[in-house]
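With the sequence shown counted from 1, adding 19 to any position gets you this note's numbering.
Where is the CB? At the ideal position from N, CA and C, for every residue including glycine.
Report on the following structure.
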Amino acid sequence: MGRVLERPPAEASDDELRAWIGREYGEDGLKRLLASQECKPEASKHLSEFFTWFRRNFPYYHGHCERCMRVTHFLGVARPSDDERQEGGAGVSEVNFCEGCNVSSLFPRFRRVRPVLDTHRGRCGEYSWLALRFLEALGFPARWVDNHAGHAWVEAWVENRCGRWVHIDPCEAAVDDARSKHMDDAWSGNQMEVLVDSLAGNVDLQGT
Ligand SMILES: [Zn+2]
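What follows is the structure, encoded as structure tokens:
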């Protein structure tokens with residue numbers, strides 16, 4: 020998982036992300052989401068529709084070959100290109116090999132949203148960060164959670180009837196879903212880190 024412990028510089032702006040949502044998800048959908056940050060009983064429903072759409076368009080990347088779609092073998096990691104490091108904040112690239120095509124492919128682990136929006140490739144690290152930035156751009160108080168067990172997700176403060184933090188897992192299109200397989204792990208885990216609001220600080224949620 021690409022862990023994000025502080026906000027990367029040169030991240031996409033809120034305006035840019037709202038424009039992206041309007042273009043890709045639709046202006047009506049964007050309007051519904053923007054209205055949902057107020058005290059609306061249907062806020063969770065609108066978020067759920069958005070993240071269902073998101074997962075269809077941004078599936079979990081399993082490292083398949085782009086030529087033949089077969090599953091590849093993980094060979095190791097390589098240094099990303101200068102552009103991928105500087106523009107995308109990538110620290111490493113995964114190297115995957117397809118035996119059928121006899122070619123290797125690279126999967127840079129980006130830590131900024133623009134290249135993830137462009138490539139539609141990510142796992143929970145990339146997608147949870149993207150989800151956090153979407154929620155912030157839409158006006159939801161939001162926080163990013165890392166359970167230190169290989170998974171990350173986000174939470175948004177949703178007013179609905181009585182405001183509370185709602186669990187959102189973009190990899191599973193789960194919004195406020197108690198059946199989400201990571202929910203139990205999450206809150207019974209020993210240690211978690213949460214990136215709160217616009218600050219780069221991490222908060223240990225243990226005992227809260
Ligand atoms: Zn192949």
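| query | result |
| --- | --- |
| I'd like to confirm the pairing. Which residues does DSSP put opposite N115 in its beta bridges? | F93 and S124 |
| Unbroken alpha helix (DSSP H) runs of length 4 or more, entirely within the segment 29–58: which are they? | 33–43 and 46–55 |
| Secondary structure at A168, three-state DSSP: helix, strand or coil? | coil |
| Considering only heavy atoms of ligand 2, does any lie closer than 7 angstroms to the CB of G82? | The ligand content of the structure shown is limited to ligand 1, which means ligand 2 is not among them. |
| Counting only runs that start and end within the segment 173–197, where is the beta strand (DSSP E) found for 3 or more residues in a row? | 183–188 |
| For K50 and V164, what's the separation of their Cα atoms in angstroms? | 27 angstroms |
| Would you say the segment 86–98 touches the segment 54–69, given that touching needs at least three Cβ pairs under 8 angstroms? | no |
| DSSP state of G141, grouped into three classes? | strand |
| Taking the beta carbon of R130 as the centre, do at least 16 other beta carbons fall within 10 Å, making it buried, or is it exposed? | buried |
| Helix, strand or coil for Y80, going by three-state DSSP, please let me know. | coil |
| Along the chain, where does the alpha helix (DSSP H) containing E103 start, and where does it finish? | D101 to Q105 |
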